[in-house]
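Take a look at the structure set out below.
In our numbering, the protein residues as written are 44 to 277.
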């Protein structure tokens with residue numbers, strides 16, 4: 044067997060090994076089980092209203108809201124809604140409002156991720172630095188439902204938690220995967236504030252999801268390379 048053919052065997056084995064190794068090292072369960080989410084804020088009485096998942100024309104025509112906004116009336120405590128591993132924490136500028144976004148990503152398993160985006164609404168350095176200091180998370184940190192992740196500070200500029208659930212790279216509604224207790228909290232807030240939790244949305248197509256397309260595309264390219272190498276070796 045020549046070196047090219049050996050490499051064709053070794054490369055995918057290494058790739059699979061890296062994925063499995065990363066999952067083991069980060070403590071990410073190697074399954075695709077649907078999640079069961081608890082409520083991500085400990086003080087639901089301080090939530091003023093909701094902005095619904097899949098709201099049409101969100102920010103611009105043709106764009107749908109990819110999460111549920113929990114709009115607050117005071118500072119609130121943000122907690123993990125699920126068992127998982129923190130795989131990312133970032134601070135970035137909102138292209139729409141110019142405020143800073145503080146995003147915590149929690150991997151539940153190979154298929155599911157929760158994105159918690161704290162948006163206090165600040166545009167100045169002092170208050171954004173203060174907000175940053177109230178978030179205490181680390182990459183690889185294992186979390187369970189109720190574990191405190193930080194405090195979301197209040198401002199008068201639409202302060203909210205953008206609560207997002209992702210399945211194989213495609214957003215879905217977190218409410219539909221919440222426990223009955225968490226759904227009751229959502230329902231109470233929606234009733235009290237005359238808010239909508241979600242608008243109808245199509246079921247996600249996992250085959251056409253971003254992650255699946257990458258895997259399918261990568262596999263197709265790999266098979267093409269294999270065929271080229273085999274033919275060239277004849």
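Beta carbons are placed, not taken as given, at the ideal position from N, Cα and C, and that holds for glycine.
Please read all numbers here as calculations on a predicted model, not as lab measurements.
C-beta atoms of residue i and residue j nearer than 8 Å
{"i": "residue 175", "j": "residue 145", "result": "yes"}
{"i": "residue 208", "j": "residue 220", "result": "yes"}
{"i": "residue 70", "j": "residue 185", "result": "yes"}
{"i": "residue 96", "j": "residue 242", "result": "yes"}
{"i": "residue 136", "j": "residue 143", "result": "yes"}
{"i": "residue 161", "j": "residue 195", "result": "yes"}
{"i": "residue 181", "j": "residue 128", "result": "no"}
{"i": "residue 111", "j": "residue 217", "result": "yes"}
First through last residue of the beta strand (DSSP E) which encompasses residue i
{"i": "residue 195", "result": "191-195"}
{"i": "residue 135", "result": "127-136"}
{"i": "residue 175", "result": "Looking at the DSSP string, residue 175 is not in any beta strand (DSSP E); the run it does join, the alpha helix (DSSP H), is 168-176."}
{"i": "residue 150", "result": "143-150"}
{"i": "residue 159", "result": "155-162"}
{"i": "residue 215", "result": "213-215"}
{"i": "residue 120", "result": "119-122"}
{"i": "residue 210", "result": "203-210"}
{"i": "residue 79", "result": "Note, residue 79: premise wrong, no beta strand (DSSP E); not H, not E."}
{"i": "residue 115", "result": "111-115"}
{"i": "residue 241", "result": "Careful: residue 241 lies outside any beta strand (DSSP E) and carries neither H nor E."}
{"i": "residue 94", "result": "90-94"}
Endpoints, the alpha helix (DSSP H) within which residue i is located
{"i": "residue 232", "result": "223-236"}
Spatial neighbours of residue i in its chain, beta-carbon cut-off 6 Å, leaving aside the 5 residues before and after
{"i": "residue 202", "result": "115, 163, 164"}
{"i": "residue 133", "result": "146"}
{"i": "residue 171", "result": "143, 165"}
Between the CA atoms of residue j and residue i - distance to the nearest angstrom
{"i": "residue 247", "j": "residue 212", "result": "10 Å"}
{"i": "residue 147", "j": "residue 131", "result": "6 Å"}
{"i": "residue 105", "j": "residue 98", "result": "10 Å"}
{"i": "residue 231", "j": "residue 179", "result": "29 Å"}
{"i": "residue 237", "j": "residue 193", "result": "28 Å"}
{"i": "residue 101", "j": "residue 141", "result": "16 Å"}
{"i": "residue 59", "j": "residue 66", "result": "11 Å"}
{"i": "residue 35", "j": "residue 156", "result": "Residue 35 falls outside the range modelled here, since the chain spans only 44 to 277, and no answer is possible."}
{"i": "residue 169", "j": "residue 159", "result": "22 Å"}
{"i": "residue 138", "j": "residue 199", "result": "19 Å"}
{"i": "residue 16", "j": "residue 61", "result": "With the chain covering 44 to 277 only, the question about residue 16 has no answer from this structure."}
{"i": "residue 240", "j": "residue 79", "result": "17 Å"}
{"i": "residue 75", "j": "residue 187", "result": "18 Å"}
{"i": "residue 107", "j": "residue 210", "result": "17 Å"}
{"i": "residue 117", "j": "residue 64", "result": "42 Å"}
Other residues of its chain near residue i: CB distance less than 7 Å, five sequence neighbours each side excluded
{"i": "residue 77", "result": "220"}
{"i": "residue 190", "result": "122, 123"}
{"i": "residue 109", "result": "207, 214"}
{"i": "residue 72", "result": "152"}
{"i": "residue 245", "result": "none"}
Heavy atom of the ligand GDP within 7 Å of residue i beta-carbon
{"i": "residue 159", "result": "Ligands in the displayed structure: none, and consequently the ligand GDP is not present."}
Close-in-space but distant-in-sequence residues of the same chain around residue i (CB under 8 Å, 5 per side omitted)
{"i": "residue 222", "result": "79, 80, 81"}
{"i": "residue 94", "result": "108, 111, 112, 114, 203, 238"}
{"i": "residue 224", "result": "81, 82"}
At a cut of 8 Å, does the segment 76-90 reach the segment 113-123 through at least three beta carbon pairs? Judged by Cβ distances under 8 Å, the segment 76-90 makes contact with the segment 113-123, as three or more pairs qualify.
Take every Cβ of the segment 141-156, pair it with every Cβ of the segment 88-103, and state whether three or more of those distances are shorter than 8 Å. No, because fewer than three Cβ pairs between the segment 141-156 and the segment 88-103 fall closer than 8 Å, the two stretches do not touch.
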